[in-house]
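Here the protein sequences come in this chain order: A and B.
Heads up: the first sequence is residues 1 to 310, going by full-length UniProt numbering.
Heads up: the second sequence is residues 1 to 308, going by full-length UniProt numbering.
We put the CB at the ideal spot given by N, CA and C, even for glycine.
Being a predicted model, the structure only gives us computed values, none of them experimental.
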Amino acid sequence: MAPKKFYHDDPAWSDVEPIPQDDGGPYPLAAIAYTDEYREAMSYLRAVMAKNEASQRVLALTEHIISMNPAHYTVWLYRAKTLSALSVPLSEEIAWLNPTALRHIKNYQIWHHRQTIINQLGSPKGESDFITSMLAQDSKNYHVWSYRQWLVQRFNIYTDEELAWTESMIDEDIRNNSAWNHRFFLVFGKSKDAIPSQEIIDRELDYAKSAIRKAPQNQSPWNYLRGAVRHVKLPVSTLKQFALEFADTEKPDEVFSSHALDVLADVYAEEKGMEEQARRALELLAERYDPIRKQYWNYRMGLLGEGRVV
Amino acid sequence: MPAEMRLFVDEHVRYIQSLDTRKDELEYWLTEHLRLNGLYWGLTALHLLGHGDALSRQDVIDFALSCLHDCGGFGAAPGHDAHMLYTVSGVQILATLDAFDELEKRVPDGRQKIGRYIARLQDAETGTFAGDEWGEQDTRFLYGAFNALSLLGLLHLVDVDKAVAYIESCVNFDGGYGTSPGAETHSGQVFTCVSALAIAGRLDVVERDKLAAWLSERQLKNGGLNGRPEKQEDVCYSWWVMSSLATLDKLHWIDGEKLAAFILNCQDPEHGGFSDRPGDMVDVFHTVFAVAGLGLLKYPGVLEVDPV
Ligand SMILES: [Zn+2]
Numbered sequence: 001m002a003p004k005k006f007y008h009d010d011p012a013w014s015d016v017e018p019i020p021q022d023d024g025g026p027y028p029l030a031a032i033a034y035t036d037e038y039r040e041a042m043s044y045l046r047a048v049m050a051k052n053e054a055s056q057r058v059l060a061l062t063e064h065i066i067s068m069n070p071a072h073y074t075v076w077l078y079r080a081k082t083l084s085a086l087s088v089p090l091s092e093e094i095a096w097l098n099p100t101a102l103r104h105i106k107n108y109q110i111w112h113h114r115q116t117i118i119n120q121l122g123s124p125k126g127e128s129d130f131i132t133s134m135l136a137q138d139s140k141n142y143h144v145w146s147y148r149q150w151l152v153q154r155f156n157i158y159t160d161e162e163l164a165w166t167e168s169m170i171d172e173d174i175r176n177n178s179a180w181n182h183r184f185f186l187v188f189g190k191s192k193d194a195i196p197s198q199e200i201i202d203r204e205l206d207y208a209k210s211a212i213r214k215a216p217q218n219q220s221p222w223n224y225l226r227g228a229v230r231h232v233k234l235p236v237s238t239l240k241q242f243a244l245e246f247a248d249t250e251k252p253d254e255v256f257s258s259h260a261l262d263v264l265a266d267v268y269a270e271e272k273g274m275e276e277q278a279r280r281a282l283e284l285l286a287e288r289y290d291p292i293r294k295q296y297w298n299y300r301m302g303l304l305g306e307g308r309v310v
Numbered sequence: 001m002p003a004e005m006r007l008f009v010d011e012h013v014r015y016i017q018s019l020d021t022r023k024d025e026l027e028y029w030l031t032e033h034l035r036l037n038g039l040y041w042g043l044t045a046l047h048l049l050g051h052g053d054a055l056s057r058q059d060v061i062d063f064a065l066s067c068l069h070d071c072g073g074f075g076a077a078p079g080h081d082a083h084m085l086y087t088v089s090g091v092q093i094l095a096t097l098d099a100f101d102e103l104e105k106r107v108p109d110g111r112q113k114i115g116r117y118i119a120r121l122q123d124a125e126t127g128t129f130a131g132d133e134w135g136e137q138d139t140r141f142l143y144g145a146f147n148a149l150s151l152l153g154l155l156h157l158v159d160v161d162k163a164v165a166y167i168e169s170c171v172n173f174d175g176g177y178g179t180s181p182g183a184e185t186h187s188g189q190v191f192t193c194v195s196a197l198a199i200a201g202r203l204d205v206v207e208r209d210k211l212a213a214w215l216s217e218r219q220l221k222n223g224g225l226n227g228r229p230e231k232q233e234d235v236c237y238s239w240w241v242m243s244s245l246a247t248l249d250k251l252h253w254i255d256g257e258k259l260a261a262f263i264l265n266c267q268d269p270e271h272g273g274f275s276d277r278p279g280d281m282v283d284v285f286h287t288v289f290a291v292a293g294l295g296l297l298k299y300p301g302v303l304e305v306d307p308v
């Protein structure tokens with residue numbers, strides 16, 4: 001742990017009259033106890049904020065407070081204001097943020113701060129490596145992935161390189177739903193209504209299929225596969241042969257994926273004269289392969305007569 | 001149900017009452033930025049457990065109003081900047097305690113002031129909302145704005161249609177919603193979007209069956225619910241997922257008995273409170289979501305809950 005830092009005996013701060021916490025006066029619920037170090041630092045922050053001071057020592061002070069409590073959003077706000085008032089080289093701020101973010105991986109203020117700085121810098125250089133080091137600690141961190149999406153949009157990085165990186169994340173953990181979502185975002189997300197070329201569609205369907213063959217019960221590639229088929233407006237029957245690799249209503253003991261049964265139920269529901277097969281698939285799900293969601297599968301059975309699918 | 005499966009109401013009430021007396025603990029000041037939310041969570045849990053009077057009404061109102069700024073926004077604690085999240089908690093606390101009259105008495109034109117603060121945070125171009133003047137945007141803030149404004153009776157201060165269109169732009173290939181367009185579907189985010197649409201009376205834009213199917217897939221074999229595919233179960237998701245399912249009229253698609261048993265297993269039967277999953281440390285955040293989840297499941301001893 002770093003040695004404690006106090007300001008009352010620091011000559012660089014002797015001109016500042018600290019403003020102690022207004023703990024809400026007579027209201028008992030508001031009285032808040034702090035460690036001395038944090039309390040004092042905050043009282044100096046209040047003092048510089050009251051004077052609207054922007055200076056190097058304010059940066060140092062906010063850094064100190066953030067190291068004690070990165071979740072205090074007021075501190076980040078004032079730091080951002082100070083940075084822009086001082087025109088500090090923003091690359092220095094990023095250099096400071098990197099280890100700070102790694103220490104406080106769940107904190108979301110850091111990400112917003114980073115986004116503001118990178119946006120002003122106007123270049124994503126180095127960000128990819130930094131993100132990779134963050135994901136090495138928590139490969140499904142929502143803030144990190146959201147930030148990555150923001151980078152892709154802001155700097156138009158819908159590239160093969162980005163796709164290859166995403167693929168490496170899926171290779172590392174085939175159940176990483178965030179990585180699957182990022183892939184969908186890259187391939188299909190640039191414009192909501194545009195349908196990619198046949199070559200790309202085939203590539204994507206094959207990619208999801210090969211992932212499913214490695215882990216047939218993995219939800220992420222199944223969602224991806226069905227989402228892709230829907231997005232490019234293909235019928236669900238496109239997936240019939242593939243689903244039969246994992247389940248067949250005629251062989252109830254040999255089901256390797258409940259998701260395949262789910263697909264087959266939809267395929268058969270749309271196919272003329274196959275309603276009984278659809279019902280059989282849904283029964284297998286309700287009774288044997290996914291009984292915890294029995295009510296849902298029963299609901300789907302109820303839709304069969306109406307010729308509707310989910 | 002075995003004996004250890006009961007709900008330890010008295011212990012939970014004492015736990016929540018004790019939160020404010022733990023001021024010498026390190027964690028207390030580290031969570032200062034959540035003080036007003038924490039107060040709302042505690043208050044709600046107590047109400048649901050039928051012990052709404054366990055915290056002094058006047059103290060709670062005084063504290064909430066001491067966080068209110070002239071601009072109409074609330075901070076997390078006295079002296080903290082105003083932010084959407086705390087403003088929503090502030091409004092929710094006043095609504096729970098039926099204290100809008102007291103607000104008007106002490107802050108002339110208080111309701112309008114708060115409503116205008118929230119309305120200013122709407123992005124005129126996209127329709128979504130920022131958390132503060134700093135500009136971070138998230139569908140959480142959009143839901144918060146709708147929730148608080150509808151409690152204040154001031155939803156007309158914002159462009160509801162534009163906000164609804166923004167939510168529609170956040171829908172993903174799996175039928176769910178994330179923090180912004182293209183962001184991964186997440187149960188918490190689904191809750192915020194579905195609830196905002198319910199408040200706006202626009203659930204017609206949701207693909208009900210598809211989304212509810214995704215939500216019901218969150219239940220794992222142990223009865224608990226996760227927030228995203230292939231993630232661990234966590235008590236707070238029992239609330240996000242269940243209330244979304246309830247809003248979509250599909251709560252019966254999950255196994256309520258198994259879920260109730262999972263939630264009860266997350267109690268600390270001795271000192272009260274709930275944790276994220278069995279055996280972990282309890283906190284007020286997971287406590288309120290556990291209790292609210294049991295309320296949605298109509299568990300005896302907990303008041304029934306409005307999902308939005
Ligand atoms: Zn949780």
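Check: residue i C-beta below 6 Å from any heavy atom of ligand 3
i: B:Cys236; result: In the structure on display, ligand 3 does not appear, and the ligands it does have are ligand 1.
Where residue i falls: helix, strand or coil (DSSP)
i: B:Asn37; result: helix
i: A:Gln217; result: coil
i: B:Asp306; result: coil
i: B:Asp10; result: helix
i: A:Gln277; result: helix
i: B:Asp161; result: helix
i: A:Asn223; result: helix
i: B:Gly227; result: coil
i: A:Ala85; result: helix
i: B:Asp283; result: strand
i: B:Gly82; result: Reading off the sequence, residue 82 of chain B comes out as Ala, not Gly. Strand, per DSSP.
i: B:Pro137; result: In the sequence under discussion, the amino acid at residue 137 of chain B is Gln, which differs from the Pro named in the question. Here B:Gln137 sits in strand by DSSP.
i: B:Gln17; result: helix
i: A:Glu283; result: helix
i: A:Pro20; result: coil
Separation of residue j from residue i, as counted between CA atoms
i: B:Gln232; j: A:Tyr224; result: 20 Å
i: A:Ala179; j: B:Val171; result: 17 Å
i: A:Leu261; j: A:Pro291; result: 13 Å
i: B:Ser150; j: B:Ile199; result: 7 Å
i: A:Asp10; j: A:Ser191; result: 56 Å
i: B:Pro108; j: A:Trp13; result: 40 Å
i: A:Met274; j: A:Tyr268; result: 5 Å
i: A:Val255; j: A:Ala286; result: 13 Å
i: B:Gly293; j: B:Met5; result: 15 Å
i: B:Ala119; j: B:Arg14; result: 38 Å
i: A:Thr238; j: B:Leu157; result: 48 Å
i: A:Met169; j: B:Arg35; result: 38 Å
i: B:Lys105; j: B:Gly50; result: 28 Å
i: A:Pro196; j: A:Tyr207; result: 15 Å
i: B:Phe141; j: A:Ala71; result: 18 Å
i: A:Glu172; j: A:Gln219; result: 16 Å
Closest Cα partner of residue i within the set the options
i: B:Gly52; options: B:His69, B:Val9, B:Ala124; result: B:Val9
i: B:Gly227; options: B:Ala261, B:Asp255, B:Glu184, B:Glu257; result: B:Glu184
i: B:Asp306; options: B:Lys250, B:Ser243, B:Ala130; result: B:Ser243
i: A:Ser67; options: A:Val88, A:Glu93, A:Ala101; result: A:Ala101
i: A:Gln217; options: B:Leu225, B:Glu230, B:Asp255; result: B:Glu230
i: A:Arg148; options: A:His182, A:Thr74, A:Glu250; result: A:His182
i: A:Arg213; options: A:Arg175, A:Tyr142, A:Ala50; result: A:Arg175
i: A:Tyr73; options: A:Arg293, A:Gln109, A:Gly227; result: A:Gln109
Heavy atom of ligand 1 within 6 Å of residue i beta-carbon
i: B:Asp276; result: yes
6 Å Cβ shell around residue i - same chain, five flanking residues per side excluded
i: residue 315 of chain B; result: The shown model of chain B, from 1 to 308, leaves out residue 315 of chain B, and the question about it has no answer.
i: B:Val205; result: Glu168
i: A:Arg114; result: Leu97
i: A:Tyr27; result: Annotation note: pLDDT 37 at A:Tyr27 (below 50); position unreliable, coordinate value reported separately. Correct list: empty, nothing qualifies.
Chain-order list of residues whose beta-carbon lies under 8 Å from that of residue i (same chain, five-residue window excluded)
i: A:Trp96; result: Glu63
i: B:Tyr299; result: Leu7, Ala260
i: B:Tyr181; result: First, the residue type needs correcting, since residue 181 of chain B is Pro and not Tyr in the sequence shown. Taken in chain order, the residues that qualify are Ser169, Cys170.
i: B:Leu245; result: Ala212, Leu215, Ser216, Leu251, Trp253, Ile254
Cβ-based neighbour list, residue i, same chain, cut-off 7 Å, excluding 5 preceding and 5 following
i: B:Leu197; result: Val164, Ile167, Leu203, Val205, Val206
i: A:Ala247; result: Val255, Phe256, Ser257, Ala260, Leu261, Leu264
i: B:Val284; result: Ile16, Leu19, Gly38, Trp41, Gly42
i: B:Leu152; result: Val91, Arg111, Ile114, Gly115
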